[in-house]
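Residue numbers (the working numbering): 5 to 450.
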């Protein structure tokens, strides 16, 4: 049997370098961009890139009461703290490591070959879940939708070619072909949990699916009181057969057009998929109704059944609440990559041509982790061996400040930068948000 997947998972690139002069990896943001020199990367350190993104501010979760840092569930914290939450809080972490990359001029343009490892972890937390945690037991119904989590890991071999189009002066085009090897994929999608909480029992209508493509993984099961065998956990020991279990392809497409002091550019990245085999599927198999009196929470943190004291037990028994059935191996499943659309315009200052300003719009189409961002940057190349930029951005994950420094000379290049610089701490000593990133690299131009 075959399963068709709709999960989309993305990988991170540093947008702060999109307009930066002689930034070696601009071609990964738009395949139409090339470099002035050939290069080869330092193995494993060509451009490691780590990013964390989220629209859940940590100051909405942690609070200081009487000199103590407490969770928002503390009775001393007003329930109004939830007013600023989005309908779905998005959290994600993405890692990209260029294991080996190289670029060279040939065949009428610029060419690159890159071997990379990529990983992404994403989660979506509906606001109603936080309301449930804050309010404890109350005679009301909570409609929890789109609670989700996904993990993705894969290797990538990318071939890129870009060139000027002589028939249209100022136009440059490029494309990349990517061969993908899937290493791990996990998706938990809890589409519905309609919970009616009474003083003595919960009535839950649930609808959920879990798909896993990880060698050696199997679901542990247990028997409920009514004789239903349900998934109670995950065993990673399995048969120890972790390794490649999926293959796919993706494409990047890009173009840029220079007109007077402006340069317009458009890039569409990661159009592709990975087809996995041996998909382990667990599901409620449609909407399932469960009645239980196992979880009765109290908003008083000193009570024996306070939310905090019950949380561990609730976490252990969550699978029993949903009572997912192990459907075994459901065959092949196709997983789409999250596509990214970059649209940029760059303006060079006529009176000082080493200074230019860029405006970049980035949109990620990634199912539960879709986001948009607009970034304005000032880029300067004061001497032939150094360039830098500072930029500000706003979008789905709020406002952020980014920067990048780039040193290069024939034979050696090093750069470092951040799209999301950690903000100042709040007066209580709590980080303001869940965004942060870091990118650096060592390469050898020639």
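In this text, a Cβ means the ideal position worked out from N, Cα and C, and glycines have one as well.
Given residue i, which residues of its chain have a CB within under 6 Å of its CB, disregarding the five upstream and five downstream residues?
i: residue 180; result: 35, 162, 164, 256
i: residue 31; result: 37, 116, 164
i: residue 413; result: 389
i: residue 363; result: 349, 380
i: residue 397; result: 377, 379, 404
i: residue 153; result: 127, 192
i: residue 91; result: 131
i: residue 27; result: 21, 410
Give me whichever residues DSSP pairs with residue i in a beta bridge.
i: residue 137; result: For residue 137, which the question treats as bridged, DSSP gives no partner whatsoever.
i: residue 444; result: 420
i: residue 262; result: 267
i: residue 209; result: 198, 293
i: residue 101; result: 121
i: residue 51; result: BP columns for residue 51 are empty, so no partner.
i: residue 231; result: Its beta-bridge partners do not exist; DSSP assigns none.
i: residue 379; result: 364, 397
i: residue 92; result: 130
i: residue 329; result: 287
i: residue 45; result: 447
i: residue 106; result: 44, 117
i: residue 189; result: 156, 217
i: residue 76; result: Per DSSP, none; premise fails for residue 76.
DSSP state of residue i, grouped into three classes?
i: residue 357; result: coil
i: residue 61; result: coil
i: residue 395; result: strand
i: residue 22; result: coil
i: residue 29; result: coil
i: residue 183; result: strand
i: residue 372; result: helix
i: residue 86; result: helix
i: residue 132; result: helix
i: residue 240; result: coil
i: residue 218; result: coil
i: residue 113; result: strand
i: residue 273; result: strand
i: residue 429; result: Any reading at residue 429 is ruled out, since the residue's pLDDT is 45, under 50, leaving its predicted position unreliable.
i: residue 251; result: strand
i: residue 406; result: strand
i: residue 386; result: strand
i: residue 81; result: coil
i: residue 336; result: coil
i: residue 439; result: coil
i: residue 36; result: coil
i: residue 226; result: strand
i: residue 348; result: strand
i: residue 279; result: strand
What's the C-alpha gap between residue i and residue j?
i: residue 97; j: residue 442; result: 12 Å
i: residue 432; j: residue 406; result: Interpretation of residue 432 is limited by its pLDDT of 44, a score under 50 that renders its predicted location unreliable; the figure taken from the coordinates is listed afterwards. Distance between the alpha carbons of residue 432 and residue 406: 25 Å.
i: residue 3; j: residue 344; result: The structure shown has nothing for residue 3, since the chain only spans 5 to 450.
i: residue 167; j: residue 350; result: 19 Å
i: residue 66; j: residue 77; result: 9 Å
i: residue 47; j: residue 104; result: 5 Å
i: residue 451; j: residue 83; result: There is no way to answer for residue 451, as the model of the chain reaches only from 5 to 450.
i: residue 334; j: residue 197; result: 24 Å
i: residue 29; j: residue 420; result: 12 Å
i: residue 275; j: residue 95; result: 23 Å
i: residue 195; j: residue 259; result: 39 Å
i: residue 252; j: residue 146; result: 40 Å
i: residue 347; j: residue 160; result: 24 Å
i: residue 73; j: residue 64; result: 12 Å
i: residue 19; j: residue 385; result: 18 Å
i: residue 137; j: residue 131; result: 10 Å
i: residue 186; j: residue 80; result: 47 Å
i: residue 85; j: residue 170; result: 59 Å
i: residue 330; j: residue 295; result: 21 Å
i: residue 370; j: residue 361; result: 29 Å
i: residue 450; j: residue 175; result: 26 Å
i: residue 22; j: residue 33; result: 6 Å
i: residue 210; j: residue 189; result: 23 Å
i: residue 122; j: residue 342; result: 13 Å
i: residue 173; j: residue 110; result: 20 Å
i: residue 155; j: residue 401; result: 20 Å
i: residue 238; j: residue 383; result: 49 Å
i: residue 418; j: residue 392; result: 12 Å
i: residue 356; j: residue 40; result: 21 Å
i: residue 17; j: residue 352; result: 24 Å
i: residue 221; j: residue 157; result: 15 Å
Considering only heavy atoms of the ligand GTP, does any lie closer than 6 Å to the CB of residue i?
i: residue 153; result: Only the bare structure without any ligand can be found here, which leaves the ligand GTP out of the picture.
By Cβ distance, which residues of its chain are closer than 7 Å to residue i, with the 5 residues on each side in sequence left out?
i: residue 248; result: 185, 186, 187
Q | Uninterrupted beta strand (DSSP E) stretches inside the segment 142-180 (no shorter than 3 residues) | A | 144-168
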